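Taking it in order: structure first as structure tokens, then the write-up.
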Amino acid sequence: MSAISIENLHRNFKRRNGGLFRKSSREVCALRGINLEIEQGSLFGLLGPNGAGKTTTVKILTTLLLPSSGSVRIHGIDVAADPRQIRGQIGYAFGGDKGFYDRLSARDNLLFFADLYQLPLRDQRRRVDELLELVSLAERQADRVETYSRGMKQRLHIARSLLHNPSVIFLDEPTNGLDPVAARTIRAAVSQLREAGKTILLTTHYMFEAEELCDRLAVIDHGQILVEGTARDLATAAQSGIAARIETRGSNLALCEALTQLPAVIDASLEFLSDRELLTIRTSLTSSEEAEEVIKKCLENREEITLLHISLREPTLEDSYITLVSQGNIGTPV
Amino acid sequence: MNAIGALRGITSFLTATWFHMHDLTRDRSDFALNLINPLFYACIAYLLHAAGDGKRNLADLIIGAGLMGMWSSIMFGAGTVIKMQRLQGTLEFLLGSPKRFSSVVAPITTAVSLLGAASMLVTYLWGVAFMDVRIVLERIPGMLFVVTVLTVAMGAFGLLVAALFVQARRAESMASPMIAPLWMVSGIMVPVTDLVEQLRPVSRFLPTSWGAEALRAANAGSSFLPALGWCAITGSVYLLAGSWLVNLVAKRSRHNGELNLW
């Protein structure tokens, strides 16, 4: 059964420009007919570049924005028609260090939000204690939030989103800007939530994170879902094949352009290191030998380039994502 | 709503008001400024009294100065607090809660109004300590009762101000020029009877006019209940109008997506 059902969702914004006398406005289309079904108890990843429409989708799902058209249902309840009923069943945590009364303690903040989410008075303290323990902030609970690190604030965001024990949770870039250790703690907390049977919609820029956590994924760009399915489905839709990582001396951007002209090459990028260059090539080829041959053939005619090292690997989710977004493919939903 | 529901609502309102009071008073310099500001109004009132014919009741002038401080707290405070919620990113969490937006904002404006009441109390004590205002102990309970009702009424008025600040990012530019006319019209600087005739009806729509009248009556030991009753009635009207407006601007923001709330 679907916990979240989105049908033909559109959202337009009116953007106003100009000053006092010369005003103009234009309509910006942020979402152009999104369709998604998210199963109960699953962890769904929404991927996309900045401005693709991820946050707008989450804001509509969390009742903070109304859709221009289309239908959004959570547990069968229309989000636009009955926002207050939905709010008691969903929790959300947005990335970043805003969203708290910084001059007050974590405990005071959570008690306030527990009341806001209409937890019975007798349960509030017990629930806040449980959650502070869960996100490992019990020892710092009396400290002002302004003294917290970004990672601690992020854990506090997650604790807040769980206060009223919601069945659906939205996590908008929860590990954005965190150091690797803090990000790993957050990912562990998200895994725990999935194991507890929560339905989770996660937006992230980190592909390894999506690959590690999510059951299903969708790539969104320019307000449209490009493709939806498992990580393997995304790779199939992107037709991404072997990726090569090549260390050279003497490479330049012209080589990248020449490589992208080859039919088997999807994307090529160049990174300048101190004494060498790192060339990353994504191909549509499934055979490593074939991929190596194509690349070497392209490089052998260029005398100014010295090939230092070449390594080949199977495509990752990041490869599929980059292929999909850079080509603007609209794959068949799986 | 049954009795348990009502009790729960009141408890929740008081808890939230206490939380916002706690938040507003954590910045000691802001809090101190809020208390000190009306003392200057009181000093100006005292100097004008000394330079004038001295016929005005000095206690009335000091009460007026305290009320000026309360007005400033509401006009700036209720709005600034909303602006602060936006800046610190809590406004969208307030909007996204299962409660009505008005019942989430009301404790904020009431907390601001309580700060106004505190500044009024400090001003009165300042008058007692340094300006020969005589304190009559048996009149204090009546005055405290008036201040309590007035605080709630001003909190309700604050909902209107909060709606303005939720809707417009630069609402200070609108709120700021309104303060001085409201001081004059509401009868806190001079009694309503001293205003030009055309302005008198306007003052009848403001809870502070009735509150000022009730407070002066309580201080003089005369009957303050009729004026206080009108203060409560106008406050209730503002509570209804403010709640409706706050809920309306919240809905508009969700609909228009003008990013007013975040």
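One line per chain: the protein sequences are A and B, in this order.
Counting from 1, position 32 in the first sequence corresponds to residue 31 in numbering that gives the first Met the number 0; the numbering is continuous, with no gaps.
Counting from 1, position 84 in the second sequence corresponds to residue 83 in numbering that gives the first Met the number 0; the numbering is continuous, with no gaps.
Just so you know, even glycine gets a beta-carbon here, dropped at the ideal spot from N, CA and C.
A quick note: this is a predicted structure, and the numbers were derived from the prediction, not measured.
(1) Which residues, in chain order, does the stretch 88-116 of chain B contribute to contact with chain A at a C-beta distance below 8 angstroms?
(2) Which residues in chain B sit within 7 angstroms of D81 of chain A, going by Cβ to Cβ distance?
(3) Check whether chain A comes within 9 angstroms of T79 of chain B, counting only Cβ atoms and requiring the distance to be less than that.
(4) Report buried or exposed for L260 of chain B, applying the criterion of at least 16 other Cβ atoms within 10 angstroms of its Cβ.
(5) Quick one: list the residues of chain A neighbouring H21 of chain B, beta-carbon separation under 8 angstroms, in chain order.
(6) Anything in chain A within Cβ reach of D26 of chain B, meaning under 8 angstroms, just list it in chain order.
(7) Examine the ligand MN and report whether any of its heavy atoms sits within less than 8 angstroms of the Cβ of L323 of chain A.
(8) Going by CA-CA distance only, name the one from A:F207, A:M206, A:A188 that's closest to I199 of chain A.
(9) Between G115 of chain B and G68 of chain B, how many whole angstroms is the CB-CB distance? I'm expecting something under 8 angstroms.
(10) Please state the DSSP three-state secondary structure of V27 of chain A.
(11) Inspect the beta-carbon positions of R193 of chain A and S41 of chain A and report whether they are closer than 9 angstroms.
(12) For A237 of chain A, which residues of its own chain have a beta-carbon under 6 angstroms away from its beta-carbon, when the five flanking residues on both sides are left out?
(13) Helix, strand or coil: which one does DSSP assign to V333 of chain A?
(14) Roughly how many angstroms lie between the CA atoms of T315 of chain A and H74 of chain A, to the nearest whole one?
(15) Could you check where the beta strand (DSSP E) with G228 of chain A kicks off and where it finishes?
(16) For the alpha helix (DSSP H) containing V57 of chain A, list its first residue and its last residue.
(17) Tell me whether L260 of chain B sits in a helix, a strand or coil according to DSSP, three-state version.
(18) Run through the DSSP bridge pairs and tell me what G90 of chain A is partnered with.
(19) To be precise: take each residue of the stretch 111-124 of chain A, compare its Cβ to all Cβ atoms of chain B, and keep it if any distance is under 8 angstroms. Which residues remain?
(20) Which residues bound the beta strand (DSSP E) around S70 of chain A?
(21) Quick one: is T147 of chain B near chain A, going by C-beta distance under 9 angstroms?
(22) Just curious, the alpha helix (DSSP H) that V134 of chain A is in, first and last residue?
(23) Between K97 of chain A and chain B, is the shortest Cβ-Cβ distance under 9 angstroms, so that the two count as touching?
(24) Compare the C-alpha of L205 of chain B against each of B:E196, B:V184, B:A213, B:G220 and name the closest.
(25) Give me the DSSP bridge partner(s) of F43 of chain A.
(26) For P200 of chain B, is the classification buried or exposed, using 16 other Cβ atoms within 10 angstroms of its Cβ as the cut-off for buried?
(27) Would you give the residue range spanned by the beta strand (DSSP E) that T282 of chain A belongs to?
(28) Check this for me: beta carbons of Y100 of chain A and D193 of chain B, under 9 angstroms apart or not?
(29) Taking CB distances under 9 angstroms as the criterion, tell me whether L64 of chain A reaches chain B.
(30) Which chain B residues sit within Cβ distance under 8 angstroms of T61 of chain A?
(31) Mind checking if I5 of chain A is an interface residue toward chain B, Cβ cutoff 9 angstroms exclusive?
(32) Quick one: is F75 of chain B near chain A, going by C-beta distance under 9 angstroms?
(33) How about N33 of chain B: is its C-beta nearer than 9 angstroms to some C-beta of chain A?
(34) Go to H163 of chain A, then tell me how far its beta strand (DSSP E) extends in each direction, as first and last residue.
(35) Tell me the rounded alpha-carbon separation between A234 of chain A and R253 of chain B.
(36) Where does A222 of chain B sit, in a helix, a strand or coil, going by DSSP?
Taking the definition as stated:
(1) G88, T89, E91, F92, L93, L94, G95, S96, P97, K98, R99, V103
(2) Here the question's residue 81 of chain A lines up with position 82 in the first sequence. Contact note: D81 of chain A does not reach chain B at a C-beta cutoff of 7 angstroms; the least C-beta distance is about 11 angstroms.
(3) Position 80 of the second sequence, counted from the first residue, corresponds to residue 79 of chain B. It does not; no Cβ of chain A falls within 9 angstroms.
(4) Indexing the second sequence from 1 puts residue 260 of chain B at position 261. Any reading at L260 of chain B needs caution, since the residue's pLDDT is 48, under 50, leaving its predicted position unreliable; the model's value is listed next. Its Cβ being crowded by 16 or more others within 10 Å, L260 of chain B is buried.
(5) Walking along the second sequence from the start, residue 21 of chain B turns up at place 22. Those are L103, D107, listed as they occur along chain A.
(6) In the second sequence, residue 26 of chain B corresponds to position 27, counting from 1. One finds R102 in chain A with Cβ atoms closer than 8 angstroms to the Cβ of D26 of chain B, taken in chain order.
(7) What this structure holds is no ligand at all, so the ligand MN is not there to describe.
(8) Position 200 of the first sequence, counted from the start, is the residue given in the question as residue 199 of chain A. The shortest Cα separation from I199 of chain A among A:F207, A:M206, A:A188 belongs to A:A188.
(9) Position 116 of the second sequence holds residue 115 of chain B. Position 69 of the second sequence holds residue 68 of chain B. Contact between G115 of chain B and G68 of chain B holds: CB atoms are separated by about 6 angstroms, below the 8 angstroms threshold.
(10) Start at 1 with the first residue of the first sequence, and residue 27 of chain A comes out as number 28. Looking at V27 of chain A - three-state DSSP - the assignment turns out to be strand.
(11) Taking the first sequence and counting its residues from 1, one reaches residue 193 of chain A at position 194. Taking the first sequence and counting its residues from 1, one reaches residue 41 of chain A at position 42. For R193 of chain A and S41 of chain A, yes; Cβs fall inside 9 angstroms.
(12) Locating residue 237 of chain A in the first sequence gives position 238, counting from the first residue. Closer than 6 angstroms at Cβ, skipping near neighbours: S319, T322, L323.
(13) Here residue 333 of chain A corresponds to residue number 334 of the first sequence, with the count starting at 1. Low per-residue confidence applies at V333 of chain A: pLDDT is 34, beneath 50, and the placement is therefore not dependable, though the value from the model is reported in the following sentence. V333 of chain A falls in the coil class under three-state DSSP.
(14) As a first step, residue 315 of chain A is located in the first sequence; it is residue number 316 there, counting from the start. As a first step, residue 74 of chain A is located in the first sequence; it is residue number 75 there, counting from the start. Near 33 angstroms, if we compare the C-alpha coordinates of H74 of chain A and T315 of chain A.
(15) Residue 228 of chain A sits at position 229 when you count from the first residue of the first sequence. First-last of the beta strand (DSSP E) with G228 of chain A: 223-228.
(16) The sequence position of residue 57 of chain A within the first sequence is 58, counting from 1. Here the alpha helix (DSSP H) through V57 of chain A covers 53-60.
(17) Your numbering for residue 260 of chain B matches position 261 in the second sequence. Residue confidence for L260 of chain B is low, a pLDDT of 48 falling below 50, so the modelled location carries little weight; the figure read from the coordinates is stated next. Coil, per DSSP.
(18) As a first step, residue 90 of chain A must be located in the first sequence, where it is residue number 91. Partner(s): A:I168.
(19) F111, F112, D114, L115, Y116, Q117, L120
(20) In the first sequence, counting from the first residue as 1, residue 70 of chain A sits at position 71. It spans 68-73 - the beta strand (DSSP E) in which S70 of chain A sits, taken as one unbroken run.
(21) Translated into positions along the second sequence, residue 147 of chain B becomes position 148. T147 of chain B does not count as touching chain A.
(22) Translated into the one-based positions of the first sequence, residue 134 of chain A becomes position 135. Where V134 of chain A is concerned, there is no enclosing alpha helix (DSSP H), given that its DSSP letter is neither H nor E.
(23) Numbered from its first residue, the first sequence carries residue 97 of chain A at position 98. True, the Cβ-Cβ gap to chain B drops below 9 angstroms.
(24) Locating residue 205 of chain B in the second sequence gives position 206, counting from the first residue. Answer by Cα proximity: B:V184.
(25) Along the first sequence, read from residue 1 onward, the residue named residue 43 of chain A stands at position 44. F43 of chain A is bridged to A:L200, A:R215.
(26) Walking along the second sequence from the start, residue 200 of chain B turns up at place 201. Exposed, since its Cβ has fewer than 16 Cβ neighbours within 10 Å.
(27) Sequence index remark: in the first sequence, residue 282 of chain A carries index 283 (1-based). Run containing T282 of chain A: 276-282, per the beta strand (DSSP E) assignment.
(28) Walking along the first sequence from the start, residue 100 of chain A turns up at place 101. Walking along the second sequence from the start, residue 193 of chain B turns up at place 194. Not in contact: Y100 of chain A and D193 of chain B (Cβ atoms no closer than 9 angstroms).
(29) Position 65 of the first sequence, counted from the start, is the residue given in the question as residue 64 of chain A. Yes, its Cβ sits closer than 9 angstroms to a Cβ of chain B.
(30) Within the first sequence, residue 61 of chain A is the residue found at index 62, counting from 1. Near T61 of chain A (Cβ distances below 8 angstroms), the residues of chain B are G95.
(31) As a position in the first sequence, residue 5 of chain A is number 6, starting the count at 1. By this cut-off, I5 of chain A is not an interface position.
(32) As a first step, residue 75 of chain B must be located in the second sequence, where it is residue number 76. Not one chain A Cβ lies under 9 angstroms of F75 of chain B.
(33) Walking along the second sequence from the start, residue 33 of chain B turns up at place 34. Answer no: the Cβ-Cβ gap between N33 of chain B and chain A never drops below 9 angstroms.
(34) As a first step, residue 163 of chain A is located in the first sequence; it is residue number 164 there, counting from the start. No beta strand (DSSP E) contains H163 of chain A, which DSSP labels as neither H nor E.
(35) Counting from one through the first sequence, the residue named residue 234 of chain A turns up at place 235. Counting from one through the second sequence, the residue named residue 253 of chain B turns up at place 254. Distance from the CA of A234 of chain A to the CA of R253 of chain B, rounded to the nearest whole angstrom, comes to 37 angstroms.
(36) In the second sequence, residue 222 of chain B corresponds to position 223, counting from 1. First, the amino acid is wrong: residue 222 of chain B is Ser here, not Ala. Coil at S222 of chain B, not helix or strand.
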